[in-house]
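Asks:
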């Protein structure tokens, strides 16, 4: 490989490293966003992401929850605790009493944020027992673990889950295509020079 080809390959690799490294470096910091929802029972889920790019906040989040009901009851302030289901999912340290609540979550770290939503808290009604006996084929069919609609939606809606690998793949593909085209042109030029 001649010097010009070595320089071009070096520039392409350096550019690729900068492009691939830039999203990871800029993914953290800045304002945060709180998504507050009831968990269907007696607690509140708070999903914390960066407002700029929607990436999960992996730093420790300091936040509190307060709530007021339509009949004048008040609840909190209660600190939020990290939930075991996700790195940027938080829950109130104490369960919310049954009823309709206007819930306010205030975060102070890693950035200030506030969100107020209406939440219904209470026991989940147990599903009624099936009245029909299963047929032999139904009894032998493997069962799937039930998934919550919110959990499934969270996996599908996570922009970081598929966006970053797809972008990286496209960038690598374009860089390889450019390198292949350059090598083909260099070979053609070399053949033309050697024929003279």
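Residue numbers (this note's numbering): 187 to 382. Cβ coordinates follow ideal geometry from the N, Cα and C atoms, glycine included. The structure presented is a predicted model; accordingly, all values stated were derived computationally and were not measured.
Measure the Cβ-Cβ separation of residue 253 and residue 266 and say whether it is below 8 Å.
Replies: No.
Asks: Please confirm whether residue 243 and residue 274 have their CB atoms less than 8 Å apart.
Replies: Taking 8 Å as the Cβ cut-off, residue 243 and residue 274 qualify as a contacting pair.
Asks: Where residue 353 and residue 363 are concerned, what is the direct C-alpha to C-alpha distance, given to the nearest angstrom?
Replies: Their backbone Cα atoms lie some 15 Å apart in a straight line.
Asks: Where do the N-terminal and C-terminal ends of the beta strand (DSSP E) with residue 231 fall, by residue?
Replies: First-last of the beta strand (DSSP E) with residue 231: 230–236.
Asks: Would residue 276 and residue 305 be called neighbours here (beta carbons separated by less than 8 Å)?
Replies: Their beta carbons are not under 8 Å apart, which means residue 276 does not touch residue 305 by this criterion.
Asks: Is it true that the CB of residue 279 sits closer than 8 Å to the CB of residue 289?
Replies: Against a cut-off of 8 Å, the Cβ pair of residue 279 and residue 289 comes out as no contact.
Asks: Which whole-angstrom value describes the C-beta separation of residue 251 and residue 262, a residue pair presumed to lie in contact below a C-beta threshold of 8 Å?
Replies: Rounded, the Cβ-Cβ distance is 5 Å, consistent with contact.
Asks: For residue 339, which of helix, strand or coil comes out of DSSP?
Replies: The predicted model places residue 339 with a pLDDT of 40, which falls under 50 and marks its position as unreliable, so this point remains unresolved.
Asks: Rounded C-beta distance between residue 220 and residue 299? I'm assuming under 8 Å.
Replies: Right, the Cβ-Cβ distance comes to about 5 Å (below 8 Å), so this counts as a contact.
Asks: In angstroms, rounded to a whole number, what distance separates the CA positions of residue 367 and residue 355?
Replies: Their Cα atoms are separated by approximately 18 Å.
Asks: So, for residue 383: in the same chain, excluding its five sequence neighbours on each side, which residues have a beta-carbon less than 8 Å away from its beta-carbon?
Replies: The requested residue 383 is not part of the displayed model; the chain covers only 187 to 382.
Asks: Going by alpha carbons, who is nearest to residue 258 out of 268, 246, 286, 245?
Replies: Checking every option, the nearest Cα to that of residue 258 belongs to 286.
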